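Encoded as structure tokens, the structure appears first; notes follow it.
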Amino acid sequence: MEAQRKTTKIIDYVKGDYKDYHLIEGTPSPDMIATIGTRYLADTLKMTKVAHIESPSIIPVVRITKGVAEHPIRIYASHEHKLLVLVADQVIDSGQVYDFSKEVLEWAKAKKLKGVISLVGVMPNNSPANIFGATNT
63 MEAQRKTTKI IDYVKGDYKD YHLIEGTPSP DMIATIGTRY LADTLKMTKV
113 AHIESPSIIP VVRITKGVAE HPIRIYASHE HKLLVLVADQ VIDSGQVYDF
163 SKEVLEWAKA KKLKGVISLV GVMPNNSPAN IFGATNT
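If you're matching positions, the sequence shown starts at 63 in our numbering and goes up one per residue.
Now the structure itself:
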């Protein structure tokens with residue numbers, strides 16, 4: 063039996079040039095507003111799916127859209143708007159938050175993105191005791 067992989071990995075479908083793009087990240091919270099918002103952006107801007115994310119925290123389910131199976135965490139691109147959108151249909155397990163975040167930020171750095179905008183925060187261990195970053199602009 064194959065051992066479960068313990069790290070998050072981003073699988074690129076397309077080797078694109080994303081220098082100076084922004085990434086809007088939408089991992090879900092209980093209200094799912096980030097998932098709804100990022101899915102709306104991807105659909106409205108007719109973005110192209112360019113990658114998906116594999117993580118040990120992903121439960122084995124598949125999303126079906128227009129008869130096509132989709133990975134639960136996907137990245138879409140709009141070259142016209144220099145924009146990437148990360149759409150997640152599943153909550154990231156609190157034990158995997160740091161690994162997941164680190165991989166997304168390393169990917170963003172490797173792609174030379176201009177910035178990352180998060181529509182939702184993920185609270186490690188479901189405790190607001192430690193705030194690691196906050197912003198208003």
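Every residue, glycine too, gets a C-beta built ideally from N, C-alpha and C. Values in this document were obtained by computation on a predicted structure and should not be read as measured data.
- In the structure shown, G177 adopts extended strand secondary structure according to DSSP, grouped into three states.
- Exposed is the label assigned to D74, since fewer than 16 other Cβ atoms lie within 10 Å of its Cβ.
- With respect to Y83, L146 sits close: the two C-beta atoms are nearer than 8 Å.
- From the listed residues Y80, K144, I98 and D79, the smallest Cα separation to G88 is found for I98.
- Straight-line spacing of the CA atoms in Q152 and V159 works out to 12 Å.
- Counting only runs of 3 or more residues that sit fully inside the region 79-106, the beta strand (DSSP E) segments are 84-88, in chain order.
- Per DSSP, D155 lies in no alpha helix (DSSP H) segment and is marked neither H nor E.
- For E116, the three-state secondary structure derived from DSSP is strand.
- Cβ atoms of P118 and R125 stay farther apart than 8 Å, at about 19 Å.
- Per DSSP, K108 lies in no beta strand (DSSP E) segment and is marked neither H nor E.
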